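Scroll down for the structure; my scribbles are underneath it.
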């Protein structure tokens, strides 16, 4: 009975893919795909926020991260070829996937394996903390203006951001910027400063970054966001309208910028 249930679940999981492959293809560019992915992820975040599983600050930070990814997405290539309809051999191969998975599970699977206990997860967290601590200790011994120190602080900031410690990430990246300025990294720090409610601290970083990359859409978007969070909606409106005027029609982040414009008083 258990194996029958597993087989039914496998068929149900495979059926949507088979239907999608059998359906006639519809031309779809990179920009449309990026917008669809953004809309789906935003809907999921809004649902978690509405259900109380995500507080307001986390919701805003997650939305800003989605916006950052959309702004950083590569532009669509108009000459890129569209995907062709899947052939029958491909469907046959896909039909074998559940059978192969079941065979591998019977040979190598361990269905009675328990989930990772709290003690193991705690040990992993302690190991990560020890590695970060060792990196901090090493950085304290090197010249803070050296290129090695800069690379170390960039790694430290990435590690802290992956653990959700955005304040510590901003501090590490600021030290990296002191060694050598990088517009992209400055945008990361400015983004955190904006979310921490410090748009005035983000403004000089964005101004310098834009002086080196005046056409960067992410930096221009963050510049408008800093103006909006600082209580200067007219400046934000001017920045975002200029960004839309310069953006290509197929830019996947156009709708994102327009929504931000619509929220301005």
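Numbering (our numbering), first residue to last: 878 to 1142.
Positions of the beta carbon are idealized from the N, C-alpha and C atoms, including for glycine.
Remember, predicted model here, so these are calculated numbers, not experimental data.
- For the pair residue 1021 and residue 1052, the CB atoms are nearer than the 8 Å cut-off.
- Judged by DSSP secondary structure, residue 928 falls outside any alpha helix (DSSP H); it is assigned neither H nor E.
- Straight across, the Cα-Cα distance linking residue 1067 with residue 1111 is about 20 Å.
- When the five nearest sequence neighbours on each side are left out, the beta carbons in the same chain lying within less than 7 Å of the beta carbon of residue 1104 are those of 1112, 1113, 1116, in order along the chain.
- From the listed residues 1076, 886, 1090, the smallest Cα separation to residue 1102 is found for 1076.
- Setting aside the 5 residues that flank it on each side, residue 1079 is surrounded in the same chain by 1067, 1070, 1071, 1103, each with a C-beta closer than 6 Å to its C-beta; the list follows chain order.
- In its chain, beyond the 5 residues on either side, 936 have a beta carbon closer than 7 Å to the beta carbon of residue 926.
- DSSP places residue 996 within a helical segment (H, G or I) once states are collapsed to three.
- In the three-state reduction of the DSSP assignment, residue 1132 falls in the helix class.
- For residue 1142, the secondary structure class from DSSP, reduced to helix, strand or coil, is coil.
- The C-alpha of residue 999 lies about 45 Å from the C-alpha of residue 1091.
- With fewer than 16 other CB atoms across the displayed protein chains lying within 10 angstroms of its CB, residue 1058 is exposed.
- One alpha carbon belongs to residue 940, the other to residue 1087, and they sit about 23 Å apart.
- Taking a contact as a CB-CB distance under 8 Å, the pair residue 1132 and residue 924 does not count as one, their CB atoms being some 19 Å apart.
- Measuring C-alpha to C-alpha distances from residue 1093 to each of 1003, 1064, 1108 identifies 1064 as the nearest.
- Counting only the Cα atoms, residue 1043 lies some 17 Å from residue 1029.
- Counting C-beta atoms within 10 angstroms of its own C-beta, residue 1034 has 16 or more neighbours from the protein chains shown and is therefore classed as buried.
- In this chain, the alpha helix (DSSP H) harbouring residue 1123 covers 1110–1123.
- At least 8 Å separates the beta-carbon of residue 1099 from that of residue 1121.
- In the DSSP annotation of this structure, residue 1019 is not part of any alpha helix (DSSP H), being labelled neither H nor E.
- In this structure, residue 1025 keeps its C-beta atom at 8 Å or more from the C-beta atom of residue 1031.
- When C-alpha distances from residue 1054 are compared across 974, 1038, 1027, the shortest belongs to 1027.
- The beta-carbon distance between residue 1095 and residue 949, rounded to whole angstroms, is 6 Å. This is short enough to meet the 8 Å contact definition.
- DSSP places residue 1098 inside the alpha helix (DSSP H), whose first and last residues are 1094–1106.
- In the structure shown, residue 1029 adopts helical secondary structure according to DSSP, grouped into three states.
- Under the three-state reduction of DSSP output, residue 1037 falls in the helix class.
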